[in-house]
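Numbering (the numbering used here), first residue to last: 3 to 458. Using N, Cα and C, we set each Cβ at its ideal position, and we do this for glycine too. Everything numeric in this text was worked out from a predicted model, so none of it was measured. Right, one structure below, let's go through it.
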């Protein structure tokens with residue numbers, strides 16, 4: 003216990019006026035505490051005392067007993083500070099210097115910290131003070147609400163800007179505008195930042211759902227805005243942290259929980275709008291992927307047309323008797339190619355498969371179609387990065403254009419097999435064996451040998 007601003011009293015000794023001794027002042031403090039203790043004991047004897055008052059006076063008596071604990075003949079837990087007789091630096095006042103050394107000994111050497119106990123003495127704030135505390139809490143709440151509301155708007159503005167940039171990037175892909183590797187890399191970073199912002203806000207909403215600790219939430223918000231490269235005043239954050247400590251002190255002082263606004267409401271509208279923007283971008287990504295896949299299939303139709311022309315010319319120029327076997331072999335090769343295309347998951351795999359099998363079959367494919375597929379594949383990779391979840395591309399449709407080629411070869415092979423069989427059957431007849439006798443310009447020479455024709 004430290005008694006401050008003790009008046010400087012003096013007593014006369016002969017012709018001298020001396021300052022009242024330190025021990026006499028302490029005895030006066032002890033006498034006051036003993037009187038207070040006695041008063042508490044008398045009040046506690048009253049059987050009609052309320053439970054609240056009984057608890058209060060019992061705690062008061064306990065704290066007085068603790069303060070009056072003696073060490074030999076001293077009271078080490080009581081000290082005081084004298085009032086300066088005249089304005090001057092404390093270091094120049096001898097009596098105060100003496101007490102300062104005793105205070106230092108008490109606070110630094112003798113003071114011991116123990117775990118708080120519910121039975122410890124506490125101070126109940128009067129109703130008037132509680133009303134003022136309520137007003138103070140309301141003001142602190144309003145400050146926190148205003149700050150978080152401003153930050154929430156900044157996050158929303160940042161996310162709106164990200165969304166607009168995502169719109170532009172997706173539109174470039176949809177419009178088939180050529181994007182170099184650097185542009186695609188930048189787009190990937192943009193999409194990462196876009197979804198990172200949403201995920202950070204989602205995590206924040208979970209953390210503050212049942213929290214009212216403005217200091218803790220302020221630090222979390224500071225981390226989020228720093229991750230998003232949004233500049234906010236660090237001083238404002240630290241001010242909220244200090245205010246939260248003050249609020250906790252007020253809770254201890256009043257002994258009741260203070261009515262504070264749930265901070266979840268501050269960010270609810272922002273998070274709802276962020277979710278809407280995310281879903282909008284997801285829809286655009288899916289729609290763009292469908293358009294890119296349509297372009298890929300269109301390029302594959304052009305390549306399949308090149309295959310068709312190749313085989314149409316081959317059938318015109320090849321020996322009909324060997325054509326059936328050749329078509330059967332190449333039909334099997336085409337079927338293997340179709341199987342690989344059906345299992346392809348990227349356009350790189352698709353282009354490599356077509357290139358390898360086209361070389362194997364000695365077929366020239368349009369370079370612009372192959373390049374078109376490659377570019378659409380690069381754009382698909384961007385869309386996969388721009389998609390929050392796995393982006394499904396209908397790669398099973400890639401094999402469809404070549405199914406018609408396989409059917410065309412199969413039918414041609416059957417037709418030429420039939421023609422060869424028909425030829426073999428006709429070869430069994432006399433007219434076919436000696437077809438030179440019947441291959442004449444004049445009907446009079448039909449079935450006659452060359453010698454018969456000459457003797458005619």
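The alpha carbon of residue 200 has as its nearest neighbour, out of 179, 235 and 164, the alpha carbon of 164. Taking 4 residues as the shortest admissible run, the segment 25 to 51 contains no complete alpha helix (DSSP H) segment at all.
Within the same chain, 415 come within 7 Å of residue 330 by CB-CB distance, once the 5 residues on both sides are set aside. If you check the CB distance, residue 39 and residue 63 come in under 7 Å.
With the rule of 3 Cβ pairs closer than 8 Å, the segment 380 to 387 does not count as touching the segment 399 to 417. Under the Cβ criterion (8 Å, minimum of three pairs), the segment 314 to 331 does not count as touching the segment 388 to 399. Here residue 242 has 146, 149, 216, 217 and 220 as same chain residues with Cβ atoms under 7 Å from its own Cβ, once five neighbours each way along the sequence are excluded.
Fewer than three pairs of CB atoms, one per stretch, sit closer than 8 Å, so the segment 263 to 272 makes no contact with the segment 361 to 380.
A direct Cα-Cα distance of roughly 9 Å separates residue 296 from residue 396.
Membership of residue 329 in the alpha helix (DSSP H) is indicated by the continuous run 322 to 345. In chain order, 81 place their CB closer than 6 Å to the CB of residue 4, counting only its own chain and leaving out the 5 sequence neighbours on each side. With a cutoff of 7 Å on beta-carbon distance, residue 203 and residue 294 are scored as not near each other. Secondary structure note for residue 351: its alpha helix (DSSP H) is the uninterrupted segment 349 to 363. Between the alpha carbons of residue 79 and residue 58 lies a gap of roughly 22 Å. Its chain contains 227, 232 and 234 as the residues whose beta carbon lies nearer than 8 Å to that of residue 156, once the 5 sequence neighbours on both sides are disregarded; these appear in chain order. Nearest in C-alpha terms to residue 412, of all of 176, 71 and 335, is 335.
In the three-state DSSP reduction, residue 4 falls in the strand class (E or B).
Each residue's CA atom was taken as its position, placing residue 72 and residue 103 some 20 Å apart. Going by DSSP, residue 165 is part of the alpha helix (DSSP H) stretching over 129 to 176.
Its chain contains 66, 69 and 70 as the residues whose beta carbon lies nearer than 7 Å to that of residue 35, once the 5 sequence neighbours on both sides are disregarded; these appear in chain order. In its chain, beyond the 5 residues on either side, 387 have a beta carbon closer than 6 Å to the beta carbon of residue 190.
Beta-carbon to beta-carbon, residue 223 and residue 153 are separated by about 6 Å, close enough to satisfy the 8 Å threshold. Scanning its chain for C-beta atoms nearer than 7 Å, with the 5 sequence neighbours on each side dropped, one finds around residue 342 the residues 355, in chain order. Across the set 51, 52 and 46, the C-alpha of 46 shows the shortest separation from the C-alpha of residue 60. Around the CB of residue 208, fewer than 16 other CB atoms lie within 10 Å, so the residue is classed as exposed.
Here DSSP, grouped into helix, strand and coil, assigns residue 315 to helix. Within the segment 384 to 440, the runs of alpha helix (DSSP H) that reach at least 4 residues and sit entirely inside it are, in chain order, 402 to 428, 432 to 435 and 437 to 440.
Under the criterion of beta carbons closer than 8 Å, residue 398 and residue 344 qualify as touching, at roughly 6 Å. CA-to-CA, the gap between residue 313 and residue 280 works out to about 50 Å. At a Cβ-Cβ threshold of 7 Å, residue 365 and residue 428 do not count as neighbours.
Shortest Cα-Cα distance from residue 420 to any of 350, 327 and 401 involves 327. In the same chain as residue 144, and ignoring 5 residues on each side of it, no C-beta atom comes closer than 8 Å to its own. A direct Cα-to-Cα measurement between residue 37 and residue 138 gives close to 37 Å. Here residue 77 is actually not in contact with residue 132; their C-beta atoms are around 34 Å apart, not less than 8 Å. The three-state reading of DSSP puts residue 266 in helix, counting H, G and I together. Beta-bridge annotation (DSSP): residue 73 is paired with 76.
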